[in-house]
Structures are given as structure tokens and as C-alpha cells.
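Asks:
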Amino acid sequence: SQKIEQNSEALNIQEGKTATLTCNYTNYSPAYLQWYRQDPGRGPVFLLLIRENEKEKRKERLKVTFDTTLKQSLFHITASQPADSATYLCALDIYSKAAGNKLTFGGGTRVLVKP
Amino acid sequence: GAVVSQHPSRVICKSGTSVKIECRSLDFQATTMFWYRQFPKQSLMLMATSNEGSKATYEQGVEKDKFLINHASLTLSTLTVTSAHPEDSSFYICSARDADGYTEAFFGQGTRLTVV
Numbered sequence: 008s009q010k011i012e013q014n015s016e017a018l019n020i021q022e023g024k025t026a027t028l029t030c031n032y033t034n035y036s037p038a039y040l041q042w043y044r045q046d047p048g049r050g051p052v053f054l055l056l057i058r059e060n061e062k063e064k065r066k067e068r069l070k071v072t073f074d075t076t077l078k079q080s081l082f083h084i085t086a087s088q089p090a091d092s093a094t095y096l097c098a099l100d101i102y103s104k105a106a107g108n109k110l111t112f113g114g115g116t117r118v119l120v121k122p
Numbered sequence: 026g027a028v029v030s031q032h033p034s035r036v037i038c039k040s041g042t043s044v045k046i047e048c049r050s051l052d053f054q055a056t057t058m059f060w061y062r063q064f065p066k067q068s069l070m071l072m073a074t075s076n077e078g079s080k081a082t083y084e085q086g087v088e089k090d091k092f093l094i095n096h097a098s099l100t101l102s103t104l105t106v107t108s109a110h111p112e113d114s115s116f117y118i119c120s121a122r123d124a125d126g127y128t129e130a131f132f133g134q135g136t137r138l139t140v141v
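Residue numbers (my numbering), protein chains in the order written: chain X, 8 to 122; chain C, 26 to 141.
(1) List, in order along the chain, the chain X residues whose C-beta lies closer than 8 Å to that of C/Gly135?
(2) What's the C-alpha gap between X/His83 and C/Ile118?
(3) Hey, does C/Ile118 have any beta-carbon neighbour from chain X nearer than 8 Å?
(4) Give the residues from the segment 97–117 of chain X that approach chain C closer than 7 Å (Cβ to any Cβ), ordered along the chain.
(5) Over what stretch of residues does the beta strand (DSSP E) that includes C/Gln134 continue unbroken?
(6) For C/Thr56, count neighbouring Cβ atoms within 10 angstroms of its own Cβ and tell me buried if that reaches 16, exposed if not.
(7) Identify the continuous beta strand (DSSP E) that holds C/Val44 and give its terminal residues.
(8) Counting contacts by CB-CB distance shorter than 8 Å, is X/Gln41 in contact with chain C?
(9) If we define contact as Cβ-Cβ less than 8 Å, is X/Phe53 a contact residue for chain C?
(10) Please list the partners that X/Leu77 has in chain C, where partner means a Cβ-to-Cβ separation under 7 Å.
(11) Show which residues of chain C have a CB atom less than 7 Å away from the CB atom of X/Leu56.
(12) Does the pairing of the segment 14–23 of chain X with the segment 68–83 of chain X give three or more beta-carbon distances under 8 Å?
(13) Along the beta strand (DSSP E) that carries X/Asp100, what are the first and last residues, could you check?
(14) Name the DSSP bridge partner or partners of X/Thr76?
(15) Taking the beta strand (DSSP E) that X/Glu63 belongs to, which residues open and close that run?
(16) Measure from the alpha carbon of C/Thr128 to the alpha carbon of each residue in X/Trp42, X/Tyr95, X/Thr94, X/Leu69, then state which is nearest.
(17) For the pair the segment 113–122 of chain X and the segment 78–90 of chain C, tell me if three or more CB-CB distances fall below 8 Å.
(18) Determine the closest residue to X/Val52 out of X/Cys97, X/Ile101, X/Tyr102, with distance taken between C-alpha atoms.
(19) Please check if any C-beta of chain X sits within less than 8 Å of the C-beta of C/Ser68.
(20) Closer than 8 Å is the cut-off here; do at least three beta carbon pairs connect the segment 62–80 of chain C with the segment 89–106 of chain C?
(21) What did DSSP end up calling C/Glu84 once you bin it into helix, strand or coil?
(22) For C/Phe132, which residues in chain X fall below 9 Å Cβ to Cβ?
(23) Below 7 Å CB to CB, which residues in the same chain sit around C/Leu21 once its five sequence neighbours on both sides are set aside?
(24) Is there a Cβ of chain X sitting closer than 8 Å to that of C/Thr74, yes or no?
And the structure:
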């Protein structure tokens with residue numbers, strides 16, 4: 008079965024440094040991968056989508072890479088700020104004949120940026 | 026981005042009663058809506074996929090008779106937790122898309138259900 012794995016340990020980082028999160032997947036070849044941010048008690052918010060033919064994508068201080076050979080995506084937050092503290096989730100669409108595309112999430116990595 | 030409204034945000038109910046949670050896409054037509062459940066410090070677990078006008082597709086292990094999903098229109102899906110028990114207490118989140126995959130999903134605010 009398909010698996011999406013993220014580092015379950017919280018990432019503590021000093022303000023101003025770069026946070027790097029990893030998402031690994033198995034038994035699947037997605038056409039694209041998404042990253043979301045979730046704050047406590049709230050629904051996830053979309054951040055970035057990267058397609059299989061894109062090696063890198065940027066949005067402000069965020070950067071995502073996608074290596075389909077390694078089956079891995081890296082998510083970077085540069086010049087991190089305390090407001091970046093949240094849980095970050097990677098997600099893939101996994102297709103089934105019955106339901107079509109199902110957005111399926113990794114376990115998430117909690118990031119804590121200390122001032 | 027598009028807005029998905031979910032309510033109530035919090036609900037406390039007595040064991041044995043039923044609770045309905047609504048999920049509305051406010052500014053787009055959602056061909057597909059998803060319902061997730063999230064336990065503390067865990068990720069989102071997909072419960073079911075709901076397509077407008079057809080029966081929901083439930084994930085393995087999710088009781089169809091307990092978690093009734095209705096997607097009557099392109100802007101509204103409901104999840105009813107029937108005969109709720111304390112173990113059903115959780116954070117329920119809906120999401121919607123306006124196309125069949127290959128796009129971002131928009132999430133509701135979530136509903137914190139507590140069954141006493």
C-alpha cells in the first residue's frame with residue numbers, strides 16, 4: 008500500500024535559520040505533491056504544489072523540491088520567524104477506481120521557531 | 026483562495042445522540058468533498074470521499090452506518106455522527122475541490138466533537 012512519511016519529531020529552530028522538512032513516499036508515482044500548513048485547532052491551509060516535471064518551486068520564503076527518483080520532497084522555510092511555528096503536512100493524491108483522487112496526508116512535522 | 030465554511034466549530038453532545046456537521050463551499054462548486062478525522066497530535070485520517078449526487082466512498086474501517094455522509098448539492102456536504110459515543114470524540118475536518126484532483130484542497134475550520 009502507499010505510504011507517506013514525514014519526520015514525526017518536532018523541529019526546533021532558531022529564528023532566522025532555515026528549516027528543512029522531509030516527505031518520503033513509497034509504492035506510488037505521483038504526478039504532483041502538495042504542502043500544507045496546519046495551526047492547532049484549525050484546518051490545513053494550502054502552501055505549495057509541485058509537479059513531477061518541476062524540480063523546485065518557490066513562494067516567498069518557502070521552497071519545495073521534488074525528486075521522483077528518490078521519491079522525496081523537501082520543504083524549506085528560509086529566514087524562519089516565530090510566526091512560522093506550525094505543523095507542516097505533505098499530501099499526495101492517491102487514485103482509486105471507486106473514489107477517484109483522494110488527497111492523503113503524511114503524519115506532519117511540527118516546527119517551532121524560537122526567537 | 027476559495028472559502029470552505031464548516032460548522033459548528035465545537036459541539037458537545039450526550040452519548041447516544043446524533044450530531045450533524047455541515048461543510049459548505051462558499052464561492053465555488055465542489056465536485057468532490059473529503060471528510061477527515063484527526064486525533065490529538067496525529068495527522069488527518071481520510072474517512073470518506075463524497076461526490077455530488079452519488080454515494081460517498083468510505084475508507085476501510087470507517088463505519089458507513091455510523092458516519093452518514095450526504096452531498097446533496099455542489100456546495101454542501103454533511104456528516105452525521107449517529108448514536109455518538111465518547112470514542113467518537115475527535116476533530117472532524119472537511120475539504121473541497123472544484124475539479125477532479127490536480128488542484129489544491131480548501132479546508133473548513135474543523136469541528137471539535139466531544140461526546141459525554
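Positions of the beta carbon are idealized from the N, C-alpha and C atoms, including for glycine.
Replies: Reading off the structure:
(1) Gly48, Arg49, Gly50
(2) 26 Å
(3) yes
(4) Asp100, Ala105, Ala106, Gly107, Asn108, Lys109, Leu110, Thr111, Phe112, Gly113, Gly114, Gly115
(5) Run containing C/Gln134: none; DSSP gives neither H nor E here.
(6) buried
(7) 44–50
(8) yes
(9) yes
(10) The premise fails here: X/Leu77 is roughly 22 Å from chain C at the closest Cβ pair, so nothing lies under 7 Å.
(11) Glu129
(12) no
(13) 93–103
(14) According to DSSP, which records beta bridges pairwise, X/Thr76 is partnered with nothing at all.
(15) 63–66
(16) X/Trp42
(17) no
(18) X/Cys97
(19) yes
(20) yes
(21) coil
(22) Tyr43, Gln45, Arg49, Gly50, Pro51, Val52, Phe53
(23) Lying outside 26 to 141, the shown extent of chain C, residue 21 of chain C is not represented and no answer is given.
(24) yes
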